[in-house]
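Inspection log for the structure reproduced underneath, given as structure tokens.
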Amino acid sequence: MTSSTTTNPYDQIVDVPTFTLTSADVLDGEKLPTPQVSGIFGAGGSDTSPQLSWSGFPEGTKSFAITVYDPLAPTGAGFWHWAVVDIPVTTTSLPTGAGDESGASLPAGAFQLKNDASLARFLGAAPPAGSGKHPYHIGVHALDVETLGIDAGATPAFLGFNMSGHTLARAVITPWWEA
């Protein structure tokens, strides 16, 4: 599935205006490159978070959160691959690999939540063989607060709940992967 045929699951949090999100590593509606596929889960990649840049977010934005979500994972609840919280408004890009286990390339104050594999890092695509194309919704959420006040023990679902009343706009690109 591509973004043109997949409903944006973030709209269930709150339907808001969009802004621009680009990546030097992944393209909306295109197959994920091998680095963004999971090596940890044995799918042949290296679990490298993509480079991301964003612009055109609304006035009043005070911070950002980034999430990567596969709504078609066979769990009954999808699968959160990455969540970064409390990104300062002065940050408008992240380099390739910022989502490694050290988080050293994240801006001061930002931190990663544990994904659905209980890893505080980016986890690449690894859908079950034969399950078809899985969309990976990469979202940058423009928030009206400097911090959501959640701690590193929060889940990405709890992050979504806390973003619901603070999201001013959201930019999403949706590449895919198929095993």
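Residue 136 in the numbering used here sits at position 136 of the sequence shown; the count goes up by one each step and never skips.
C-beta atoms are modelled at their ideal positions from N, C-alpha and C, and glycine is treated no differently.
Quick caveat, the model's predicted, so the values are computed rather than measured.
Where do the ends of the beta strand (DSSP E) carrying alanine 171 lie? Counting along the chain, the beta strand (DSSP E) containing alanine 171 begins and ends at 167-173.
Would you give the residue range spanned by the beta strand (DSSP E) that leucine 143 belongs to? Unbroken beta strand (DSSP E) run through leucine 143: 137-143.
Thinking just about the alpha-carbon of each residue, which of Ile138, Pro175, Gly149, Ile150 is nearest to the one in tyrosine 69? The residue with the shortest Cα to Cα distance from tyrosine 69 is Ile138.
Any idea which residues DSSP pairs serine 55 with across the strands? Beta-bridge partners assigned by DSSP to serine 55: Thr20.
In the DSSP assignment, find the alpha helix (DSSP H) that holds alanine 157 and state where it starts and stops. Element bounds for alanine 157: 156-163.
Other residues of its chain near proline 128: CB distance less than 8 Å, five sequence neighbours each side excluded: Once the five neighbours on either side are set aside, the close Cβ partners of proline 128 are Pro74, Ala179.
Quick check: the stretch 53-68 against the stretch 79-94, are there 3 or more CB pairs under 8 Å? Touching, per the Cβ criterion.
Tell me whether the beta-carbon of methionine 96 lies closer than 9 Å to the beta-carbon of aspartate 47. The sequence shown places threonine at residue 96, not methionine. In this structure, aspartate 47 does not lie closer than 9 Å to threonine 96 by Cβ.
When you compare only the Cα positions, how much space is there between glycine 39 and valine 89? Pairing glycine 39 with valine 89, the inter-Cα distance amounts to about 32 Å.
Hey, is the stretch 109-120 in contact with the stretch 161-170, meaning 3+ C-beta pairs nearer than 8 Å? Flag = no, the stretch 109-120 and the stretch 161-170 do not touch.
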